[in-house]
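2 protein chains.
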Amino acid sequence: MQLKELSERTGVSPASIKFYLRESLLPAGRSIHATRAEYSEHHVSRLELIQALRRVVGLNIAEIGSLLRMADGGAPRLDLLAAVQRTVLGLDDVSTEHGDLRTPAGDAVVRFRNWPDVPSDARNALNAQLALMESLGVPVTAELLDAYSQAVDAIAAVNISATTAPEDVDQLIMTAAVGMHLHGQLVLKLLALAHASHAIRRYDKDA
Amino acid sequence: MQLKELSERTGVSPASIKFYLRESLLPAGRSIHATRAEYSEHHVSRLELIQALRRVVGLNIAEIGSLLRMADGGAPRLDLLAAVQRTVLGLDDVSTEHGDLRTPAGDAVVRFRNWPDVPSDARNALNAQLALMESLGVPVTAELLDAYSQAVDAIAAVNISATTAPEDVDQLIMTAAVGMHLHGQLVLKLLALAHASHAIRRYDKDA
DNA sequence: CCTCTAGGATAGGAGCACTATCCAGTGGTG
DNA sequence: CACCACTGGATAGTGCTCCTATCCTAGAGG
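Top to bottom, those sequences are chains A and B.
All residue numbers for the first sequence refer to my numbering, where the first residue is 11 and numbers rise by one.
All residue numbers for the second sequence refer to my numbering, where the first residue is 11 and numbers rise by one.
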């Protein structure tokens with residue numbers, strides 16, 4: 011199919027498709043002649059992936075580009091998943107500011123929960139977050155951290171057992187990124203509801 | 011003090027202060043003469059609040075404006091807190107798209123957790139999120155939701171007991187917004203770490 | 001032949017959060 | 001009393017991101 015049909019099938023305007031081509035989010039079509047190109051089903055699914063990452067997950071063009079380049083470069087799937095996690099959860103923003111600092115509290119959590127004690131982006135992000143909260147004067151007690159980590163441990167256990175990784179790399183990014191984002195948002199929303207519920211209960215008791 | 015001193019004490023450029031004045035995020039100073047105005051300590055703390063909401067929480071000007079107008083309009087504290095929650099957690103985005111739809115799953119959570127069964131923004135946001143995930147084909151099993159809700163229930167219980175509300179309204183917004191945001195981010199980061207830890211463990215076992 | 005389309009280049013535009021400039025009117029300082 | 005820094009008010013410009021539109025020529029298909 012050619013550009014116009016690709017546009018019609020995905021609902022993305024030709025101008026935007028051209029833009030994605032320029033930014034190399036979308037690989038160039040097979041060039042038939044100087045002025046004609048042929049696009050495949052792969053282009054359709056790639057465009058759908060781009061749309062999902064933009065509209066649902068809310069990544070920007072640069073972030074999408076870096077993930078897709080990794081995928082196209084044949085990076086190991088575990089590296090890819092790590093990159094997806096970094097990008098989707100915005101771990102970069104927090105963790106790159108400081109170096110590889112460790113916080114006692116962060117280490118305690120890992121020991122307490124019996125999580126493997128290996129350095130990781132998530133680990134750094136946690137430490138950075140704890141440092142940030144410290145610096146802003148928001149208290150994080152050991153007790154609170156214990157409750158939080160126990161809760162997320164339970165969540166992660168359920169979550170991971172409910173997941174199967176697809177073969178196709180684009181598909182892998184799609185499910186991983188969309189899943190991570192949506193589950194994160196779900197937890198945030200549940201947390202808000204739980205918080206409101208507890209507040210109401212306490213308010214009723216006080217009144 | 012006058013504008014320049016206000017700028018120096020808060021680290022916000024005079025141009026930005028003027029901008030905030032124009033957008034009425036910052037109340038006008040007491041006008042001494044046609045060309046001179048006097049700012050108070052309240053302006054300093056208000057500016058710090060604006061900075062925190064912008065830089066830390068990541069709200070935009072319109073959102074900050076709406077919260078501050080509520081505060082200045084003497085809205086009830088509970089309404090204010092609800093608005094803060096809506097804004098900080100982005101509950102508006104999701105929940106306004108659909109109406110007041112209820113999902114069986116959302117209701118089940120509330121009953122199961124014995125949370126007060128009253129309509130709320132958080133409730134709507136949860137239902138909307140569940141509907142969204144449904145529509146995107148991301149499965150949310152009752153089992154998963156149960157685990158999630160149990161976990162956040164525990165978190166909320168700890169969280170709320172560790173909080174005391176300040177008297178000053180600006181201060182209330184500051185602690186509520188910053189606290190909500192940072193705790194939400196903390197949970198997300200912990201979740202990422204827990205997820206990674208479980209993945210590593212499963213990977214090791216498989217290998 | 002005529003119309004349509006591709007690709008390439010470049011420019012335009014919208015939204016956001018500032019930032020800069022210009023203005024004329026003062027306050028206080030020397 | 002002259003002068004300069006500073007004021008509020010107005011308006012325009014900047015940098016960023018993500019597109020969208022226009023213009024061009026070469027070539028395909030009816």
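By construction, the Cβ of each residue, glycine as well, lies at the ideal position given by its N, Cα and C atoms.
In this text the structure is predicted, and so the values were computed from the model without any measurement.
Assigned exposure category for residue i - 16 Cβ within 10 Å defines buried
{"i": "Val128(A)", "result": "exposed"}
{"i": "Thr185(B)", "result": "buried"}
{"i": "Thr151(B)", "result": "exposed"}
{"i": "Asn124(A)", "result": "exposed"}
{"i": "His52(B)", "result": "exposed"}
{"i": "Arg56(B)", "result": "buried"}
{"i": "Tyr213(A)", "result": "exposed"}
{"i": "Ser17(B)", "result": "buried"}
{"i": "Gly116(A)", "result": "buried"}
{"i": "Gly194(B)", "result": "buried"}
{"i": "Glu144(A)", "result": "exposed"}
Check whether residue i and residue j have beta carbons under 8 Å apart
{"i": "Val197(B)", "j": "Val197(A)", "result": "yes"}
{"i": "Ala132(B)", "j": "Lys14(A)", "result": "no"}
{"i": "Leu203(B)", "j": "Leu136(A)", "result": "yes"}
{"i": "Ala161(A)", "j": "Val162(B)", "result": "yes"}
{"i": "Val119(B)", "j": "Leu142(B)", "result": "no"}
{"i": "Glu177(B)", "j": "Val168(A)", "result": "no"}
{"i": "Ser130(B)", "j": "Ala206(A)", "result": "yes"}
{"i": "Val66(A)", "j": "Leu99(B)", "result": "no"}
{"i": "Ile165(B)", "j": "Leu201(A)", "result": "yes"}
{"i": "Gln286(A)", "j": "Ala62(A)", "result": "For residue 286(A) there is no data in the structure shown, the boundaries of chain A being 11 and 217."}
Enclosing beta strand (DSSP E) for residue i [first to last residue]
{"i": "Arg40(B)", "result": "Arg40 to His43"}
{"i": "Arg65(A)", "result": "Note, Arg65(A): premise wrong, no beta strand (DSSP E); not H, not E."}
{"i": "Glu48(B)", "result": "Arg46 to Glu48"}
Terminal residues of the alpha helix (DSSP H) in which residue i lies
{"i": "Ala85(A)", "result": "Run containing Ala85(A): none; DSSP gives neither H nor E here."}
{"i": "Gln12(A)", "result": "Segment: none, Gln12(A) is in no alpha helix (DSSP H) and carries neither H nor E."}
{"i": "Glu177(B)", "result": "Neither: Glu177(B) is in no alpha helix (DSSP H) and is coded neither H nor E."}
{"i": "Asp156(A)", "result": "Ala152 to Ser171"}
{"i": "Asn134(B)", "result": "Asp131 to Ser145"}
{"i": "Gly100(B)", "result": "Run containing Gly100(B): none; DSSP gives neither H nor E here."}
{"i": "Leu31(B)", "result": "Pro24 to Arg32"}
{"i": "Asp117(B)", "result": "Pro114 to Arg123"}
CB-CB length for residue i against residue j, believed under 8 Å
{"i": "Leu35(B)", "j": "Gly75(B)", "result": "6 Å"}
{"i": "Val148(B)", "j": "Leu59(A)", "result": "The pair is not a contact, with the Cβ atoms about 15 Å apart (cut-off 8 Å)."}
{"i": "Leu91(B)", "j": "Ala81(B)", "result": "Wrong, their Cβ atoms sit about 11 Å apart, outside the cutoff."}
Separation of residue j from residue i, as counted between CA atoms
{"i": "Gly39(A)", "j": "Gln181(A)", "result": "20 Å"}
{"i": "Thr97(A)", "j": "His43(B)", "result": "52 Å"}
{"i": "Lys28(A)", "j": "Ala85(A)", "result": "26 Å"}
{"i": "Ala175(B)", "j": "Arg87(B)", "result": "10 Å"}
{"i": "Leu31(A)", "j": "Arg19(A)", "result": "17 Å"}
{"i": "Ile71(B)", "j": "Ser159(B)", "result": "33 Å"}
{"i": "Glu33(A)", "j": "Ala25(A)", "result": "12 Å"}
{"i": "Pro126(A)", "j": "Ile170(B)", "result": "30 Å"}
{"i": "Asp102(B)", "j": "Asp216(B)", "result": "43 Å"}
{"i": "Ala138(B)", "j": "Ala157(A)", "result": "27 Å"}
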